[in-house]
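K.L.:
Take the sequence shown: its position 39, counting from 1, is numbered 394 in my numbering, and each next residue is one higher.
Think of the CB as a built atom: it goes at the ideal place given N, C-alpha and C, for glycine as much as any other residue.
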Amino acid sequence: QWLSGHPYVSQVEHSCLTIWSSVPFRCDNRHTSLSSLSTSSSLPTRRPFPLSHGTTTLAFVFQGGVIAAADTRASCSGLVACPTAQKILPIHSHLLVTTSGSGADCMLWERILAREIRLYQLRHGRRLSITGSAKLLSHMLHAVTDMDLTRSPVSDRCGPKLFYVCSDGTRLQGELFSVGSGSPYAYGVLDGEVRWSLNEEEAISLAREAVYRATHRDAYSGNCVDLFHITAQGYYGRHNRVVTEKYFRWQLC
Numbered sequence: 356q357w358l359s360g361h362p363y364v365s366q367v368e369h370s371c372l373t374i375w376s377s378v379p380f381r382c383d384n385r386h387t388s389l390s391s392l393s394t395s396s397s398l399p400t401r402r403p404f405p406l407s408h409g410t411t412t413l414a415f416v417f418q419g420g421v422i423a424a425a426d427t428r429a430s431c432s433g434l435v436a437c438p439t440a441q442k443i444l445p446i447h448s449h450l451l452v453t454t455s456g457s458g459a460d461c462m463l464w465e466r467i468l469a470r471e472i473r474l475y476q477l478r479h480g481r482r483l484s485i486t487g488s489a490k491l492l493s494h495m496l497h498a499v500t501d502m503d504l505t506r507s508p509v510s511d512r513c514g515p516k517l518f519y520v521c522s523d524g525t526r527l528q529g530e531l532f533s534v535g536s537g538s539p540y541a542y543g544v545l546d547g548e549v550r551w552s553l554n555e556e557e558a559i560s561l562a563r564e565a566v567y568r569a570t571h572r573d574a575y576s577g578n579c580v581d582l583f584h585i586t587a588q589g590y591y592g593r594h595n596r597v598v599t600e601k602y603f604r605w606q607l608c
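#1: In angstroms with no decimal places, state the Cα-to-Cα distance between C579 and A459.
#2: CA-CA distance, T410 and R481?
#3: Counting Cβ pairs closer than 8 angstroms, one from the stretch 416-431 and one from the stretch 576-595, do we hit at least three?
#4: Just verifying my parser: in three-state terms, what is the DSSP assignment at H447?
#5: Alpha carbon to alpha carbon, what distance is there between S576 and G529?
#6: Would you report the Cα separation of T568 and V416, rounded to the nearest angstrom?
#7: What does DSSP give as the partner residues of Q528 in its beta bridges?
#8: Which residues in the same chain as V597 place their Cβ atom closer than 6 angstroms to its Cβ, once the five residues preceding and following it in sequence are excluded?
#9: Measure the C-alpha to C-alpha separation of Y519 and R428 and round it to an integer number of angstroms.
#10: What is the DSSP secondary structure of Y575, reduced to helix, strand or coil?
#11: Is it a yes or a no for the stretch 444-456 touching the stretch 557-572, going by three-plus beta-carbon pairs under 8 angstroms?
#12: Expressed to the nearest angstrom, what Euclidean distance is found between the alpha-carbon atoms of I467 and T525?
#13: R478: buried (16+ other C-beta within 10 angstroms of its C-beta) or exposed?
#14: Would you say S488 and L450 are within 8 angstroms of each other, going by their C-beta atoms?
#15: How close, in whole Å, do the beta carbons of S533 and L517 come, if the pair is a contact with beta carbons under 8 angstroms?
#16: First and last residue of the beta strand (DSSP E) that includes T412?
#17: Do you know offhand how far V435's Cα is from E556's?
Structure representation (structure tokens):
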């Protein structure tokens, strides 16, 4: 629909805010850069009934880099649409994004961001910084204010960095972010335990526990815990674990 110029219709729910949007994307075949994308307003298209969904994603900075974790459940009202959804997406070796919102919208903008960063590298002979990448994403999303996405780019060659980028153009830098319907429960674990002096194993264990606690209370989050560690050498994923295994482990403790 995007390539053909037809309206791209999406229903997005983030926390307690539900936004319905009909955002047409048009692509000029003569160009492939960001300037070829244009938006125009149209009437919202509502579905006959709401499809609630949620997620739990988190990221925080510590002395060993950045830890990013998320559950793998894609929910659609009372159904588990996909138990193995990937909510942590790599852009390049030192940049990951965690996504919250409509899965289709997030995947679309992840591809657009990756393309623009690659074009910048080819044109200028150097990679766009993480701060610049977050600003670029903020500018791209600002033109489509009827959508609600949340992304957290992490890590940089100048040191670990963490940004929160929302679809209305909001861009915040911080040391700890958690987004999604399960984020209040994750914050309850992270706020009292996250500190700069954590070692790698402590940080990984804390991130897994925070996602596990959120999935235990939030019906829209669950299945497995995906976890990535980003360092100066790049990112690497840690073996994901089923939250039921985590549950029995903590019960025995």
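P.N.:
Concretely, from the data shown:
#1: 20 angstroms
#2: 35 angstroms
#3: yes
#4: strand
#5: 24 angstroms
#6: The question names Thr, but residue 568 in the sequence shown is Arg. Computed Cα separation, rounded: 20 angstroms.
#7: F518
#8: C579
#9: 21 angstroms
#10: coil
#11: no
#12: 18 angstroms
#13: exposed
#14: yes
#15: That pair is no contact at about 11 angstroms.
#16: T412 to F417
#17: 31 angstroms
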